[in-house]
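Note sheet for the following structure.
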Amino acid sequence: MSTAAWIYDASIVIRNARQPEAFNAIRTSFEGCDSFFAERARAERDFPAFLESIGFTSQRQEGALLIDGGDIEIITNWLIRLFDTLGPFVEAGGVLEIRDEEGEQMTFCYDGKQMDIEFSE
Numbered sequence: 022m023s024t025a026a027w028i029y030d031a032s033i034v035i036r037n038a039r040q041p042e043a044f045n046a047i048r049t050s051f052e053g054c055d056s057f058f059a060e061r062a063r064a065e066r067d068f069p070a071f072l073e074s075i076g077f078t079s080q081r082q083e084g085a086l087l088i089d090g091g092d093i094e095i096i097t098n099w100l101i102r103l104f105d106t107l108g109p110f111v112e113a114g115g116v117l118e119i120r121d122e123e124g125e126q127m128t129f130c131y132d133g134k135q136m137d138i139e140f141s142e
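FYI, in our numbering the residues of the sequence shown are 22 to 142.
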């Protein structure tokens, strides 16, 4: 996948009760790292503020937060690590689809326990 990409489709649901745990997992995963995500995780007070600070859009739903879009400029291992860390906290059936300018596609799929990545053209 090239570096110029965008979120084409997203539907990731994290229940309100799981958000503090998800945010702590992100902070732990990026602890000691020198990355944009680590910097934002240290700086923000909660999970929704963190998402906003890294360019993702979300909506509050009844008892949950829906990540439904965002801005990706560069696909990095840090980005994959972020969405992998969220695996245990995302409701089963969650997806995040990223496409690049060459038509390649990366889809993060959640089963309620972990994230799997699918690649296609």
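Quick reminder that beta carbons are idealized off the backbone N, C-alpha and C, glycines included.
Quantities reported herein were computed from a predicted structural model and do not represent experimental measurements.
Per-residue burial, residue i [other beta carbons within 10 Å of its own, 16 or more giving buried]
i: residue 141; result: exposed
i: residue 66; result: exposed
i: residue 81; result: exposed
i: residue 23; result: In this prediction, residue 23 has a pLDDT of 49, which is less than 50 and means its spatial position is unreliable; what the coordinates show is noted afterwards. By the 10 Å Cβ count, residue 23 comes out exposed.
i: residue 63; result: exposed
i: residue 108; result: buried
i: residue 115; result: buried
Spatially closest choice to residue i from the options, by CA coordinates
i: residue 98; options: 50, 72, 29 and 35; result: 50
i: residue 103; options: 94, 83, 34 and 46; result: 46
i: residue 93; options: 127, 83, 55 and 38; result: 127
i: residue 121; options: 71, 106, 96 and 110; result: 96
i: residue 32; options: 100, 111, 124 and 125; result: 111
i: residue 27; options: 72, 42 and 76; result: 76
i: residue 84; options: 54, 55, 100 and 39; result: 39
i: residue 106; options: 90, 37, 42 and 36; result: 42
i: residue 56; options: 101, 68 and 87; result: 101
C-alpha distance - residue i paired with residue j, whole-angstrom precision
i: residue 137; j: residue 74; result: 25 Å
i: residue 29; j: residue 53; result: 31 Å
i: residue 90; j: residue 78; result: 5 Å
Strand pairing of residue i, partner residues [DSSP]
i: residue 29; result: Paired residue(s): none; residue 29 is not in a bridge.
i: residue 83; result: Paired residues: none, contrary to the question.
For residue i, the first and last residue of its enclosing beta strand (DSSP E)
i: residue 117; result: 116-121
i: residue 138; result: 136-141
Limits of the alpha helix (DSSP H) - the one that residue i falls within
i: residue 110; result: Note, residue 110: premise wrong, no alpha helix (DSSP H); not H, not E.
i: residue 68; result: 68-74
i: residue 49; result: 40-50
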